[in-house]
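Data block below; observations after.
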Amino acid sequence: MLDSIEHLQEEQKKAHEEIREKGDKLAYVSNQKSEFLANMSHELRTPLNSIIGFSELLEQKIHGDLNEKQERYLKNIIISSKFLLSLINDILDLSKVEAGKIELVPEMLSVPKVIEETIILIKEKASNHNIHIRKEFDPDMEYLWADKQRFKQIFFNLLSNSIKFSKPEGGSITIISKKEGDMARFSISDTGIGIKKENMHKLFKETGRDPWW
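Under the numbering used here, residues 13 to 225 are what the sequence shown spells out, in order.
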């Protein structure tokens, strides 16, 4: 009986030591991640801020006029750079994501304008894949109270996926906005390869494996 108790105590001691060792490893990994993000913060933000700053100087036409095409390209550079900077800020702030403390910053935004700004980010890529983007905006829903950055990020992710999994010959993407009472409905459909029926249950679940669609 005494031997059994001593054996049990020894097993419990080993289990506690294993738990402590795993805890130490997790703490080390977490510290390494924080240090990495802190270093990358400067490395990624600095060149992006330079791109934005010099682009805005060009936009002011201090050193000469721009033709219509140059102004359009410059506007696309500024919009894309600012969007990328916002995404980097979100990625680098993983501590808030892990703690579930991401804060929304709602504002009154123009639905057509925000969607057009998002399309600019992927328009060239869509053209290279021979994909036509169609828009069906509800005229009764000009404005929306929402977090602009999150709104654009969702649309950007969906549009990027539609392009990524398009058919070799190209196709189309359709963006629809519709007002339903005091709510809004948005949908993005495409003519891509789609998702197999047997894989539908895997949607919105985290996975480290290759895409299953």
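Even glycine gets a Cβ: it sits at the ideal position worked out from N, Cα and C.
Using only the alpha-carbon positions, how far apart do Gln24 and Ser93 sit?
Approximately 55 Å between the Cα atoms of the pair.
Which residues mark the beginning and the end of the alpha helix (DSSP H) in which Ile200 is found?
Looking at the DSSP string, Ile200 is not in any alpha helix (DSSP H); the run it does join, the beta strand (DSSP E), is 195-202.
Mind checking whether Leu60 and Leu96 have CB atoms under 8 Å apart?
Cβ distance < 8 Å, so Leu60 and Leu96 count as in contact.
Helix, strand or coil: how does DSSP classify Ala27 here?
Helix.
Using the C-alpha atoms, what's the distance from Glu80 back to Gly220?
Confidence in Gly220 is poor, its pLDDT being 49 and thus under 50, which makes the residue's placement too unreliable to answer from.
Residues in the same chain with beta-carbon distance under 6 Å from Leu99, minus the five sequence neighbours each way, listed in chain order, please.
A distance below 6 Å between beta-carbons, with the five flanking residues on each side excluded, links Leu99 to no residue of its chain.
Would you mind listing the alpha helix (DSSP H) stretches within the region 122-209 that are 4+ residues and don't spill past its ends, in chain order?
Within the region 122-209, complete alpha helix (DSSP H) segments of at least 4 residues are found at 123-140, 160-176, given in chain order.
Quick one, which of Gly35, Ile64, Ile74 has its alpha-carbon nearest Ile89's?
Taking each of Gly35, Ile64, Ile74 in turn and checking the Cα distance to Ile89, the smallest one comes out for Ile64.
8 Å contact criterion, which Arg197 and Lys208 should meet: CB distance rounded
Rounded to whole angstroms, the Cβ separation of Arg197 and Lys208 is 26 Å, and the two are not in contact under 8 Å.
Here's the rule I'm using: 16 or more other beta-carbon atoms within 10 Å means buried, otherwise exposed. How should Ile143 be labelled?
Within 10 angstroms of the beta-carbon of Ile143 lie 16 or more other beta-carbons, which makes it buried.
Just the Cα atoms here: how many angstroms apart are Ser172 and Asp159?
Ser172 and Asp159 have their alpha carbons spaced roughly 20 Å apart.
Can you tell which of Glu33, Ser184, Tyr85, Phe168 has the C-alpha that lies nearest to the C-alpha of Asn140?
If we check each option's Cα against that of Asn140, Ser184 comes out closest.
Between the CA atoms of Arg57 and Gly182 - distance to the nearest angstrom:
Distance between the alpha carbons of Gly182 and Arg57: 35 Å.
Collapsed DSSP secondary structure at Gly220 in the structure displayed:
Caution is warranted here: a pLDDT of 49 is assigned to Gly220, below 50, making its placement in the model unreliable, and the coordinate value is therefore given only provisionally. Three-state DSSP puts Gly220 in coil, outside helix and strand.
Residues in its own chain within less than 6 Å of Leu170 by CB, not counting five upstream and five downstream?
These residues qualify, in order along the chain: Ile200.
Could you check what DSSP says for Glu119 in three-state terms: helix, strand or coil?
It is a strand residue.
Tell me whether the beta-carbon of Glu136 lies closer than 8 Å to the beta-carbon of Ile188.
No, the Cβ-Cβ distance between Glu136 and Ile188 is not below 8 Å.
Judging by CA-CA distance, which residue of Phe167, Lys164, Ile175, Val123 is the nearest neighbour of Pro151?
Of the candidates Phe167, Lys164, Ile175, Val123, the one whose C-alpha sits nearest the C-alpha of Pro151 is Val123.
Is it right to say Glu129 is buried, meaning 16 or more other beta carbons lie within 10 angstroms of its own, or is it exposed?
With 16 or more other Cβ atoms inside 10 Å of its own Cβ, Glu129 counts as buried.
Beta-carbon contacts of Phe167 that lie in its chain and below 6 Å, excluding the five residues immediately before and after
Within the same chain, Thr130 come within 6 Å of Phe167 by CB-CB distance, once the 5 residues on both sides are set aside.
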